[in-house]
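These notes are about the structure you will find just below.
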Amino acid sequence: MRLRALPSRQDNYIWTLSDDDGRMIVVDPGEAEPVLAAADAGLRPAAVLLTHHHYDHIDGAGALLERWPELPVYAPHDPRILPANHRVGDGDRFHVLGMAASVIEVPGHTSSHIAFHLTHDGDDWLFCGDTLFSLGCGRLFEGTPAQMHQSLQRLAVLPAGTLVCCGHEYTLSNAAFARAVEPDNPALLRRIEEAKAMRQSGRPSLPSTLASERACNPFLRCEQADVNAAVARRLGRPPHDAVETFAELRRWKDGFVA
1 MRLRALPSRQ DNYIWTLSDD DGRMIVVDPG EAEPVLAAAD AGLRPAAVLL
51 THHHYDHIDG AGALLERWPE LPVYAPHDPR ILPANHRVGD GDRFHVLGMA
101 ASVIEVPGHT SSHIAFHLTH DGDDWLFCGD TLFSLGCGRL FEGTPAQMHQ
151 SLQRLAVLPA GTLVCCGHEY TLSNAAFARA VEPDNPALLR RIEEAKAMRQ
201 SGRPSLPSTL ASERACNPFL RCEQADVNAA VARRLGRPPH DAVETFAELR
251 RWKDGFVA
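FYI, the numbering for the sequence shown is 1 to 258, going by the UniProt record's numbering.
Put into structure tokens, the structure is as follows:
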């Protein structure tokens, strides 16, 4: 299987995963043009996966259905997502291109956000939209800190080698905040240098791996001593629990200026 990140809009990625016959899964097509260009180059959409209702993740799906009317479009149970013909929820499983796909509900960024975990011959891909970013997580537009923390914990227990395919190129901006939280984290410092080199060479900084995110991403490290100490300095007291640690990290990040 070949994974591609198609640049879209200002900093989105439309992910495709294709087999040797050129059939591809398309994830979060916020616009149709990059997918149509891939099709003109020889790839053929076999399914579309939509993680949440925001326009920069779904606006291209209608045009794809116009060109391929029988194309299956998997999306959460949310009436705000109109171009969908397969509604899926937590624990649902289906097969596409010979791969097993599992649906994980991850509310927080939006109330109906889902992630797709795909597996094939020992390889794992996580298409997580705007829930988990490399070195960060999504803003809480519709959910609570407790929901988002639980959602991230559900993703964090997937296999360490899982490729994290998130919806935006935010790694370096997230890195500045992560370094403010854990300035002496050696895994984080290595990841920052890696991401810088990738971006300077014109490549995406993604996908990441869950092993890397667990070692570097402060939002997955709410029970780590250094992260708790950083939050305690802001609160003037130790946080009550991991949810409070997460909530304060998110507030801190929302107002953070590098």
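Just so you know, even glycine gets a beta-carbon here, dropped at the ideal spot from N, CA and C.
Source: prediction; values computed, not measured.
Given a threshold of 16 other Cβ atoms within 10 Å of its Cβ, counted over all protein chains shown, does residue i qualify as buried or as exposed?
i           : result
A195        : buried
D20         : exposed
A47         : buried
L132        : buried
A41         : exposed
F141        : exposed
residue 265 : Outside the shown range of the chain (1 to 258) lies residue 265, about which nothing can therefore be said.
G129        : buried
V257        : exposed
E169        : buried
Q200        : exposed
Y55         : exposed
G122        : exposed
Considering residue i, what are the terminal residues of the beta strand (DSSP E) in which it resides?
i    : result
E105 : M99 to E105
S8   : R2 to S8
A47  : R44 to L49
C165 : L163 to C166
R87  : H86 to V88
I25  : R23 to V27
R93  : R93 to V96
Following the continuous alpha helix (DSSP H) through residue i, name the residue where it begins and the one where it ends.
i    : result
T245 : A242 to D254
C222 : First-last for C222: undefined, no H or E at that position.
V181 : T171 to V181
A41  : First-last for A41: undefined, no H or E at that position.
For residue i, which of the options has the nearest alpha-carbon?
i    : options                   : result
N174 : P45, A38 and G255         : G255
L6   : L43, E142 and Q147        : L43
C216 : G236, A101, L135 and P76  : L135
S112 : H120, L118, V103 and T119 : V103
L65  : S205, P45, M1 and D78     : P45
D11  : G30, R2 and A63           : G30
A160 : L152, H57, W15 and L210   : L210
E213 : P204, T144, C165 and G91  : C165
D90  : A32, P79, S151 and V96    : S151
Any idea which residues DSSP pairs residue i with across the strands?
i    : result
D124 : T119
Y13  : P7
R234 : BP columns for R234 are empty, so no partner.
M198 : Note: M198 sits in no beta bridge, so no partner.
A75  : R87
L132 : C137
Please report the Cβ distance between residue i and residue j, rounded to the nearest whole angstrom; I am assuming they are in contact, meaning their Cβ atoms lie under 8 Å.
i    : j    : result
E244 : P218 : Not really, about 14 Å apart at Cβ, beyond 8 Å.
W125 : T171 : Not quite, the Cβ-Cβ distance comes to about 18 Å (not below 8 Å), so this is no contact.
A180 : L188 : Rounded, the Cβ-Cβ distance is 11 Å, inconsistent with contact.
L49  : V35  : So it is not a contact: roughly 12 Å between Cβ atoms.
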